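The working numbering puts the first residue of the sequence shown at 737, with every later residue one more than the last.
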Amino acid sequence: MVGWRAVSHAHTPACPICETESEPAFWAGGYRMYRCRGCGASFVHPVPSDAALQELYASFHLSDDEGGQYEEMENRMIADFPAKVAMVKRGMAGNAGFTDSRKIRLLDVGCGKGYFVKACRDAGIEAEGVDLSSSGVAFAREKLGVPARQGALADLKDDLGEFDVVTFWATIEHLADPVGMLRDIAEVLKPGGRLLLDTGVGDDWLDRLLPGRVQWFDPPQHLFVFSVEGMRRALAAAGFADVHIDSSYDRSALRRGMRLARNGAAAMMLRFGSTVSRLRSGTYEFRRYPIGNLMSVSAHKAARRVSAEPARVEKAAARSPLEVVVRGGMGVPAVR
Ligand SMILES: [Zn+2]
């Protein structure tokens, strides 16, 4: 393990988002992570095999008693949903030409067991979900009684129609080809339609103090840790415009303050700990801490592609071996 940074410099992969050269960053749970020199996003390379990912996600939506690992995260996410439903409604109220008399059509991509679809429908939004997880979708339909379809968005999109809003909570970091997925999402949005997503933040003050130690560096679950700039480039490449990013999101001002205090205290303690020198050398075995910032992203589907260099990124995505993993149908859940 020692010294892989040095020897692997000759073979650093290009950033899957913006195709800029990357640099080896650290080991995380036995996986190599690289950081893009252009946009600051971190990513796993090589990507775990389809088989390894399928095995991981096969048990994901089981209860904790059955060997799942999802219930605690699920409870935390459900607590966020009222604030997110309000965000959807606020966003639509600002859209020109939208009136309350017309129902918002919303698609929740990576809907998991359908709790957010249910929260939206309870609030009068015409919501449905898609997810690769058959156990998640079965729960949504049978236990919650909400519309949900199993499969990859790429395969389902032609039958879904067009939506005012797509939500994509805590899922993009699980995908091997995030730009490809954002393009698929753009295809099911009406022109001017809105995408709302959230994901962990990398390359911010906390990640710089504690490189690789915040909770988002969690492969093989998380294959990307987006930076704000990486998110902007990914959205531009997929044809989104009018991008707003809140890089320290929480559902209330109080919780935002608590998160900041917790992150700051943990960062100070850990930063000056004895592990720092090993950590900076990139040769430590991975241990993460339950700290990290969350980015909340809002973007509109542009009427026309407005990306500065769409052709270049398109080429990168098409060449990427990552495409295969997403299209191959691993059970990507909506978790963080
Ligand atoms: Zn990049």
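Here a beta-carbon is modelled for each residue, glycine too, at the ideal position from N, C-alpha and C. Remember, predicted model here, so these are calculated numbers, not experimental data.
query: Examine the Cβ distances between the stretch 841-860 and the stretch 902-916 and report whether three or more of them are shorter than 8 Å.; result: yes
query: Drop a sphere of 10 angstroms on the beta-carbon of Ala1047, count the other beta-carbons inside from all chains shown, and report buried for 16 or more, exposed for fewer.; result: For Ala1047, the predicted model reports a pLDDT of 43, less than 50, meaning its position is unreliable and no value from the coordinates is stated.
query: Counting Cβ pairs closer than 8 Å, one from the stretch 781-793 and one from the stretch 968-979, do we hit at least three?; result: no
query: Looking at the secondary structure, which residues open and close the alpha helix (DSSP H) in which Glu864 lies?; result: Segment 862-867 is the beta strand (DSSP E) holding Glu864; no alpha helix (DSSP H) there.
query: Pull up the DSSP beta-bridge partners for Arg885, would you.; result: Val866
query: Please list, in chain order, all residues with a C-beta atom less than 6 Å from at least one heavy atom of ligand 1.; result: Cys751, Ile753, Cys754, Thr756, Cys772, Gly774, Cys775, Ala777, Gly966
query: Please go through the same chain and pick out, in chain order, the residues whose beta-carbon is closer than 7 Å to the beta-carbon of Pro927, but skip the five residues on each side of it.; result: Lys1037, Ala1039
query: Please go through the stretch 900-965 and give each complete beta strand (DSSP E) segment of 3 or more residues, from N-terminal end onward.; result: 925-936
query: Compare the C-beta of Lys820 against all C-beta atoms of chain B and say whether one is closer than 9 Å.; result: Considering every chain present, this structure includes no chain B. It has just one protein chain.
query: Report buried or exposed for Lys879, applying the criterion of at least 16 other Cβ atoms within 10 angstroms of its Cβ.; result: exposed
query: Ordered along the chain, which non-local residues of its own chain (more than five positions away) have a Cβ less than 6 Å from that of Ile861?; result: Ile840, Leu842
query: How far does the beta strand (DSSP E) with Cys772 in it reach, from first residue to last?; result: 767-772
query: Which value, in whole angstroms, describes the spacing of the CA atoms of Phe899 and Val924?; result: 6 Å
query: Where Ala888 and Leu911 are concerned, what is the direct C-alpha to C-alpha distance, given to the nearest angstrom?; result: 12 Å
query: Take Asp940 and list the residues in its own chain whose beta-carbon comes closer than 7 Å to its own, dropping the five residues that flank it on each side.; result: Ser983, Asn1029
query: Just the C-alpha distance for Asn999 and Leu942, rounded to the nearest angstrom, thanks.; result: 7 Å
query: Just tell me which of Ala777, Asp894, Gly774, Phe852 has its CA closest to the CA of Arg812.; result: Phe852
query: Specify, as a first and last residue, the run of the beta strand (DSSP E) that Val853 falls within.; result: Where Val853 is concerned, there is no enclosing beta strand (DSSP E), although the alpha helix (DSSP H) it sits in stretches over 851-858.
query: Taking DSSP as the reference, what is the three-state secondary structure of Asp891?; result: helix
query: Which residues mark the beginning and the end of the alpha helix (DSSP H) in which Glu810 is found?; result: 807-829
query: Going by DSSP, name the residue or residues bridged to His980.; result: Ser1034
query: Spatial neighbours of Val824 within its chain, please: C-beta separation below 6 Å, excluding the five flanking residues on both sides.; result: Val901
query: Write down the C-beta distance between Val780 and Pro955 rounded to the nearest angstrom, noting that I regard them as a contact closer than 8 Å.; result: 5 Å
query: Based on Cα-Cα distance, which residue from Tyr770, Gly993, Cys751, Leu990 lies nearest to Pro760?; result: Tyr770
query: Taking all protein chains shown into account, decide if Lys1051 is buried (16 or more other Cβ within 10 angstroms of its Cβ) or exposed.; result: Any reading at Lys1051 needs caution, since the residue's pLDDT is 42, under 50, leaving its predicted position unreliable; the model's value is listed next. Exposed: under 16 other Cβ atoms inside 10 Å.
query: Quick one: using the 10 Å Cβ neighbour count with 16 as the cut-off for buried, is Glu1021 buried or exposed?; result: Low per-residue confidence applies at Glu1021: pLDDT is 47, beneath 50, and the placement is therefore not dependable, though the value from the model is reported in the following sentence. By the neighbour-count rule (16 or more Cβ atoms within 10 Å), Glu1021 is not buried but exposed.
query: I need the straight-line Cα distance from Arg987 to Met809, nearest angstrom please.; result: 15 Å
query: For Met917, which residues in the same chain have their Cβ closer than 6 Å to its Cβ, ignoring the five residues on either side in sequence?; result: Leu911
query: What are the boundary residues of the beta strand (DSSP E) that includes Glu759?; result: 758-764
query: If we call anything under 9 Å between Cβ atoms a contact, is Gly897 one with Ala884?; result: no
query: Of the residues Val950, Ala829, Asp867, Leu933, which one's Cα is nearest the Cα of Ile1027?; result: Val950
query: Over the uninterrupted beta strand (DSSP E) stretch that includes Val780, give me the two end residues.; result: 778-780
query: Can you tell which of Ala874, Val866, Val882, Gly881 has the C-alpha that lies nearest to the C-alpha of His891?; result: The question names His, yet the displayed sequence has Asp at residue 891. It is Val866 whose Cα lies nearest to the Cα of Asp891.
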